[in-house]
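Engineer: Final position of the sequence shown in this note's numbering is 347; the numbers increase by one with none missing. Quick one: structure below, then a few questions.
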Amino acid sequence: MRSLAAFSLAALLFACAGILSAPAVHAESISDLKARLADLEAEEEENNAQLEVLRGDMDQKRERGEALCAELGAVQQQLDALDSRLERSEAEAPAPAAALGSAETPRGDGAAQEAAAYTLEILEAEGAPAEAVPGQLGAGRETLAESRAALSRRNTAIFALYEENLLQFRQAEQEAAQAEAEAARIAAEKEAAAAAVDVWYTEYDAALQAAGVNAGGAESAGAGGFVWPMPGYDYITCDYGDDGHRGIDIAGSEIYGQPIVAAARGEVVYSDWMDSYGYCVFIDHGNGCSTRYAHASALACSVGDVVSPGQTIAYVGSTGNSTGPHLHFEVLRAGSTTDPFDYY
């Protein structure tokens, strides 16, 4: 591991003690702002999980309701068919029909015999004991009436299930609506909290600039002409070339959210999300030289901006392929990476 011996944070703080005293007041509140943002993110995650469960429950209740509706329709068709048989039975046999299975059953009372068989089917479907069925079969019209009563009971039971399911669906729907409203509230508060963090850093940079310090801190240019991109932090967790590493990783205690500054004057050619880099900034310094700053939590510049050495361009984060908050810093010459320490 290498540290940047060329820059002394202790000397910097000693020289700028009076200058930095005002921003230090804000430093006490930035942790609260970030904590609030973290709480909202956790609340959002929990609410989204609850909303997903409720939506899944609604889908199940909707499918159950559709199945019960289909079953009610089938039972109604059976009731209609039974009513037709009852009308035929009354038309064919005005006198009381003979007992079911009797040899004296009038030949014209075919509907009654059909009804007897149909009733047997209905009663068996209801779970009536086989030995009890014959005793439950009466004359034609009585048999049809019994069949219709069985279907009516079944229809009532299904409808009760349907109403219960509908009530549960409406309850889940209401809870989902409340969760969606909560999600909107959290999103609005989260946006406001993130904006408050941005405002804090903007005011902090402005205070430093007003005091005569560059926007990223008070670091001076190194021997190679570059300003250190991470003022106040010089702990290198991964050096250039380690296992093919294309730059250096700069980390430290409470580095998350700290300003990242431009190493030299140049034009911003990229400021957005990029795969493993996460949120990142690319700056073209001319003469084939460029720098890259990766894994930011937020960006403070746009493509086309011309930035000065030490100007804040982003804030430290852990986006993209990152194991923790740090700045991944690269220097490229003619499109190929070089050791950043060659410029300090």
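Note that the Cβ used here is the ideal one computed from N, Cα and C, for glycine as well. Quick caveat, the model's predicted, so the values are computed rather than measured.
Return the chain-ordered list of same chain residues with a C-beta closer than 6 Å to the C-beta of Tyr238, the five sequence neighbours on each side being excluded.
Structural biologist: Around Tyr238: Ala254, Gly255.
Engineer: In chain order, what residues of the same chain have a beta carbon less than 6 Å from the beta carbon of Ala190, not counting five sequence neighbours either side?
Structural biologist: No residues qualify anywhere along the chain.
Engineer: So which of Gln261, Glu167, Ser325 has the shortest CA-CA distance to Ala301?
Structural biologist: Ranking Gln261, Glu167, Ser325 by Cα distance to Ala301 puts Gln261 first.
Engineer: If contact is defined by three or more beta carbon pairs under 8 Å, each pair taking one atom from either stretch, is the region 57-75 in contact with the region 146-161?
Structural biologist: Touching, yes.
Engineer: Determine the direct distance from the alpha carbon of His331 to that of Ile316, and round the result to whole angstroms.
Structural biologist: Between Ile316 and His331, the C-alpha separation is close to 14 Å.
Engineer: On the DSSP bridge list, what partners appear for Ile263?
Structural biologist: Answer by DSSP bridge pairing, in chain order: Ala317.
Engineer: Count the other CB atoms, across all protein chains shown, that sit within 10 Å of the CB of Thr205; report buried if there are 16 or more and exposed otherwise.
Structural biologist: Exposed is the call here.
Engineer: Consult DSSP for Arg151 and reduce its assignment to one of helix, strand or coil.
Structural biologist: Arg151 falls in the helix class under three-state DSSP.
Engineer: Can you have a look at Glu333 and say buried or exposed, based on whether 16 or more other CB atoms are within 10 angstroms of its CB?
Structural biologist: So Glu333 ends up on the buried side.
Engineer: Hey, how far is the Cα of Ala337 from the Cα of Glu44?
Structural biologist: One C-alpha to the other measures close to 42 Å.
Engineer: Below 8 Å between beta carbons: does that hold for Val309 and Glu270?
Structural biologist: Yes. Within cutoff.
Engineer: Taking only the alpha-carbon atoms, compute the straight-line gap between Ile55 and Ala187 and give it to the nearest angstrom.
Structural biologist: First, the amino acid is wrong: residue 55 is Glu here, not Ile. About 15 Å.
Engineer: Among Leu85, Ser311, Pro328, Ala184, whose alpha-carbon lies nearest the alpha-carbon of Asn51?
Structural biologist: Asn51 has its Cα closest to that of Ala184, out of Leu85, Ser311, Pro328, Ala184.
Engineer: What do you get for Leu170, buried or exposed, if any count of 16 or more other CB atoms within 10 angstroms of its CB means buried?
Structural biologist: Leu170 should be labelled exposed.
Engineer: Would you decide whether Glu145 is buried or exposed? Buried here means 16 or more other CB atoms lie within 10 Å of its CB.
Structural biologist: Buried.
Engineer: Could you work out which residue in Arg157, Cys283, Ser155, Tyr273 is closest to Ile263 when comparing CA atoms only?
Structural biologist: Ranking the options by Cα distance to Ile263, first place goes to Cys283.
Engineer: Considering only the beta carbon of each residue, do His298 and Ser321 sit closer than 8 Å?
Structural biologist: It is a contact, given that the beta carbons lie within the stated cut-off.
Engineer: In or out: Gln314 buried (at least 16 other Cβ within 10 Å) or exposed?
Structural biologist: When all chains shown are included, Gln314 counts as buried.
Engineer: When we look at the beta-carbon of Asn168 and count the other beta-carbons within 10 Å, is it buried (16 or more) or exposed?
Structural biologist: By the 10 Å Cβ count, Asn168 comes out buried.
Engineer: Write down the C-beta distance between Ala182 and Gln53 rounded to the nearest angstrom, noting that I regard them as a contact closer than 8 Å.
Structural biologist: Right, the Cβ-Cβ distance comes to about 6 Å (below 8 Å), so this counts as a contact.
Engineer: Can you give me the C-alpha to C-alpha distance between Ala266 and Glu257, rounded to a whole angstrom?
Structural biologist: Roughly 21 Å separates the two Cα atoms.
Engineer: If you count every other CB in all the chains shown that lies within 10 Å of the CB of Asp83, and 16 or more means buried, which is it?
Structural biologist: The residue is exposed, with fewer than 16 neighbouring Cβ atoms inside 10 Å.
Engineer: From Ala133 to Phe172, what distance separates their C-alpha atoms?
Structural biologist: In this prediction, Ala133 scores a pLDDT of 42, lower than 50, which makes its location untrustworthy; no coordinate-derived value is stated.
Engineer: Per DSSP, Glu270 forms a beta bridge with which residues?
Structural biologist: According to DSSP, which records beta bridges pairwise, Glu270 is partnered with Asp287, Val309.
Engineer: Do you know how far the Cα of Arg65 is from the Cα of Asp246?
Structural biologist: Distance between the alpha carbons of Asp246 and Arg65 is about 55 Å.
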